[in-house]
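Colleague: Each residue of the sequence shown is one higher than the one before, starting from 32 at the first, in the numbering used here.
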Amino acid sequence: MTSFAIITGASQGLGRAFAFELAKRKTNLILVSLPNEGLSLLAAELANFNIKVHFFETDLSLQQNIEGLAHEINETFQIHCLINNAGRGGTCRFEEAKMAYLHGILQLNIISVVLLTRLLVPNLRKQKQAFILNISSMAAFSPIAYKTVYPASKAFIRHWSLGLREELRGTGVSVSVLYPGPMKTNLDAMQRIEKQGLKGKMGLVPPEDVAKVAITNLFRNRATIVPGFMNKINFRMMRLFESRLLTRLISNAVKLELD
Ligand SMILES: NC(=O)c1ccc[n+]([C@@H]2O[C@H](COP(=O)([O-])OP(=O)(O)OC[C@H]3O[C@@H](n4cnc5c(N)ncnc54)[C@H](OP(=O)(O)O)[C@@H]3O)[C@@H](O)[C@H]2O)c1
32 MTSFAIITGA SQGLGRAFAF ELAKRKTNLI LVSLPNEGLS LLAAELANFN
82 IKVHFFETDL SLQQNIEGLA HEINETFQIH CLINNAGRGG TCRFEEAKMA
132 YLHGILQLNI ISVVLLTRLL VPNLRKQKQA FILNISSMAA FSPIAYKTVY
182 PASKAFIRHW SLGLREELRG TGVSVSVLYP GPMKTNLDAM QRIEKQGLKG
232 KMGLVPPEDV AKVAITNLFR NRATIVPGFM NKINFRMMRL FESRLLTRLI
282 SNAVKLELD
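1) Rounding to the nearest angstrom, what Cα-Cα distance links residue 189 and residue 134 in this structure?
2) I'd like the span of the beta strand (DSSP E) that includes residue 236, first residue to last.
3) Using 8 Å for Cβ pairs, my map puts residue 269 next to residue 276. What's the rounded Cβ distance?
4) Can you tell me where the beta strand (DSSP E) with residue 95 in it begins and where it stops?
5) Less than 6 Å between C-beta atoms, sequence neighbours within five positions excluded: which residues of the same chain meet that for residue 37?
6) Mind checking whether residue 203 and residue 161 have CB atoms under 8 Å apart?
7) At what residues does the beta strand (DSSP E) containing residue 145 begin and finish?
8) Should residue 144 and residue 105 be called a contact, given that it needs their Cβ atoms to be closer than 8 Å?
9) What is the DSSP secondary structure of residue 81, reduced to helix, strand or coil?
10) Any idea if residue 228 is buried or exposed, counting beta-carbon neighbours within 10 angstroms, 16 or more meaning buried?
11) Suppose contacts are defined by Cβ-Cβ distances below 8 Å. Is residue 164 in contact with residue 245 by that definition?
12) Answer yes or no: the CB of residue 46 versus the heavy atoms of ligand 1, is any distance below 7 Å?
13) Taking CB distances under 8 Å as the criterion, tell me whether residue 193 reaches chain C.
14) Please name the residue in 180, 108 and 169 whose C-alpha comes closest to that of residue 155.
15) If contacts are defined as beta-carbon pairs under 8 Å, then residue 118 and residue 139 qualify, I think. What distance do you get, rounded to the angstrom?
16) Using CA atoms only, rank isn't needed, just tell me which of 159, 257 and 242 is closest to residue 50.
17) Here's a check: name, in chain order, each residue in its chain whose Cβ is nearer than 7 Å to the Cβ of residue 167, leaving out the five neighbours to either side.
18) Find out if the Cβ-Cβ distance for the pair residue 217, residue 44 is shorter than 8 Å.
19) Can you tell me where the beta strand (DSSP E) holding residue 38 begins and where it ends?
20) Taking residue 71 and residue 40 to be in contact with their CB atoms under 8 Å, please state how far apart those CB atoms are, rounded to whole angstroms.
21) Please name the residue, chosen from 126, 197, 69 and 141, that lies closest to residue 254 on a Cα-to-Cα basis.
22) Decide if residue 221 is buried, meaning its Cβ has at least 16 other Cβ atoms within 10 Å, or exposed.
23) If you follow the alpha helix (DSSP H) that residue 260 is in, where does it begin and where does it stop?
24) If we count the other Cβ atoms within 10 Å of its Cβ and call it buried at 16 or more, is residue 52 buried or exposed?
25) Hey, residue 151 and residue 101 are a contact pair by Cβ (cut 8 Å); roughly how many whole angstroms apart?
26) So, at 8 Å on beta carbons, what are the nonlocal neighbours of residue 286 in its own chain, with the 5 sequence-adjacent residues on each side left out?
Right, dumping it as structure tokens:
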């Protein structure tokens with residue numbers, strides 16, 4: 032039976048880059064994103080690589096949609112690769128944050144990833160070898176003021192992924208975590224990176240390069256994937272020097288995004 036890779040948040044940014052990277056490697060694809068964001072056009076473009084492409088337009092922040100999507104996939108497709116890419120962030124004073132903003136980040140970055148993975152693991156386990164790639168962030172390594180829930184959600188992804196990797200050891204399903212630094216993936220990300228000045232641009236890597244490094248190392252069964260030279264240095268430094276000083280330095284840079 033033909034096997035597929037599924038990518039959440041595939042319509043733009045890093046998810047779109049993953050789709051092209053896998054298409055170049057002749058991997059059949061299932062793309063997932065919100066409705067009316069051009070997934071059908073993207074699917075048609077990717078089909079030019081002589082692969083099979085299906086797409087689902089759904090809001091993954093709703094549990095019933097996650098269950099519906101997983102049910103349809105499990106009934107119809109064999110999958111050997113799950114890329115949990117859809118995620119959102121933002122910069123906002125906690126006291127001014129709207130309920131929907133906070134709930135949306137927690138729901139998409141944490142709950143949807145865990146639930147979708149839980150429902151698709153039985154499908155992945157049917158393969159001799161299968162891969163799960165979860166997208167964390169360099170932000171996972173330090174608390175950050177004015178972002179608070181976003182870095183915490185990415186730290187959750189790190190811990191949960193590495194625990195799941197250990198639990199699934201020996202089953203043929205490998206779990207990897209990707210830690211991108213800043214990427215100019217959409218207008219909001221571009222504006223935020225520009226506002227931070229030089230600090231914001233440290234470790235900047237194009238999403239296409241991030242996707243290439245990530246997929247290569249995913250198939251090499253690496254637990255931790257850090258794309259870009261500067262990010263590798265930051266990764267080591269941040270893990271060594273986690274401190275109030277680091278939190279203050281990063282938070283001061285992020286504060287520039289507020290106005
Ligand atoms: N950009 C960065 O600097 C950066 C740095 C580190 C880590 N990351 C992480 O990398 C991943 C991709 O980020 P990105 O910058 O490429 O994001 P992006 O450009 O904003 O794209 C996000 C994707 O997720 C989809 N999506 C958003 N909400 C959704 C929902 N409720 N249900 C289903 N799909 C939804 C979007 O679909 P629509 O197009 O339909 O809206 C889009 O395809 C995220 O997990 C992010 O946290 C990003």
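Idealized CB from N, CA, C, for every residue including glycine. Note that the structure is predicted; figures quoted are calculated from it, not measured.
Modeller: With the given structure in hand:
1) As a working mapping, residue 189 is identified with position 158 in the sequence shown. As a working mapping, residue 134 is identified with position 103 in the sequence shown. Cα to Cα, the separation comes out at about 20 Å.
2) Indexing the sequence shown from 1 puts residue 236 at position 205. Here residue 236 belongs to no beta strand (DSSP E), and DSSP marks it neither H nor E.
3) For the purposes of this step, residue 269 is taken as residue 238 along the sequence shown, with counting starting at 1. For the purposes of this step, residue 276 is taken as residue 245 along the sequence shown, with counting starting at 1. With a Cβ gap of about 12 Å, residue 269 and residue 276 do not count as contacting.
4) By 1-based counting over the sequence shown, the position of residue 95 is 64. Taken as a continuous stretch (DSSP letters only), residue 95 belongs to no beta strand (DSSP E), being part of the alpha helix (DSSP H) at 94-107.
5) Counting from one through the sequence shown, the residue named residue 37 turns up at place 6. The residues are 61, 110 and 113.
6) Looking up residue 203 in the sequence shown gives position 172. Looking up residue 161 in the sequence shown gives position 130. A contact, by the Cβ cut-off of 8 Å.
7) Sequence index remark: in the sequence shown, residue 145 carries index 114 (1-based). That residue, residue 145, is in no beta strand (DSSP E); its alpha helix (DSSP H) goes 143-156.
8) Along the sequence shown, one-based indexing puts residue 144 at 113. Along the sequence shown, one-based indexing puts residue 105 at 74. No, the pair does not count as a contact, with Cβ atoms beyond the cut-off.
9) Position 50 of the sequence shown, counted from the first residue, corresponds to residue 81. If DSSP states are grouped into helix, strand and coil, residue 81 belongs with coil.
10) The residue labelled residue 228 in the question sits at position 197 within the sequence shown. Result: exposed.
11) In the sequence shown, the residue the question calls residue 164 occupies position 133. In the sequence shown, the residue the question calls residue 245 occupies position 214. In contact: residue 164 and residue 245 (Cβ atoms closer than 8 Å).
12) The residue given as residue 46 occupies position 15 in the sequence shown. Yes, Cβ of residue 46 sits closer than 7 Å to a heavy atom of ligand 1.
13) No chain C is present in this structure, which holds just one protein chain.
14) Reading the sequence shown from its first residue, position 124 is the one you call residue 155. The option with the nearest alpha carbon to residue 155 is 108.
15) As a working note, residue 118 is residue 87 in the sequence shown. As a working note, residue 139 is residue 108 in the sequence shown. Contact holds; Cβ gap of about 6 Å.
16) Taking the first residue of the sequence shown as position 1, residue 50 is located at position 19. When only C-alpha atoms are compared, the closest one is 242.
17) Taking the sequence shown and counting its residues from 1, one reaches residue 167 at position 136. Closer than 7 Å at Cβ, skipping near neighbours: 185, 188, 189, 208, 209 and 210.
18) Within the sequence shown, the letter at position 186 stands for residue 217. Within the sequence shown, the letter at position 13 stands for residue 44. Yes; because the gap between Cβ atoms is below 8 Å, this pair is in contact.
19) Within the sequence shown, residue 38 is the residue found at index 7, counting from 1. First-last of the beta strand (DSSP E) with residue 38: 34-39.
20) For the purposes of this step, residue 71 is taken as the residue at position 40 of the sequence shown. For the purposes of this step, residue 40 is taken as the residue at position 9 of the sequence shown. Not confirmed; about 16 Å, so no contact.
21) Translated into the one-based positions of the sequence shown, residue 254 becomes position 223. Measuring from the Cα of residue 254, the nearest candidate turns out to be 197.
22) Here residue 221 corresponds to residue number 190 of the sequence shown, with the count starting at 1. So residue 221 ends up on the exposed side.
23) Residue mapping note: residue 260 aligns to position 229 of the sequence shown, counting from 1. Residue 260 -> alpha helix (DSSP H) spans 260-271.
24) Walking along the sequence shown from the start, residue 52 turns up at place 21. Flag for residue 52 reads buried.
25) For the purposes of this step, residue 151 is taken as the residue at position 120 of the sequence shown. For the purposes of this step, residue 101 is taken as the residue at position 70 of the sequence shown. So it is a contact: roughly 6 Å between Cβ atoms.
26) The residue labelled residue 286 in the question sits at position 255 within the sequence shown. 176 and 177.
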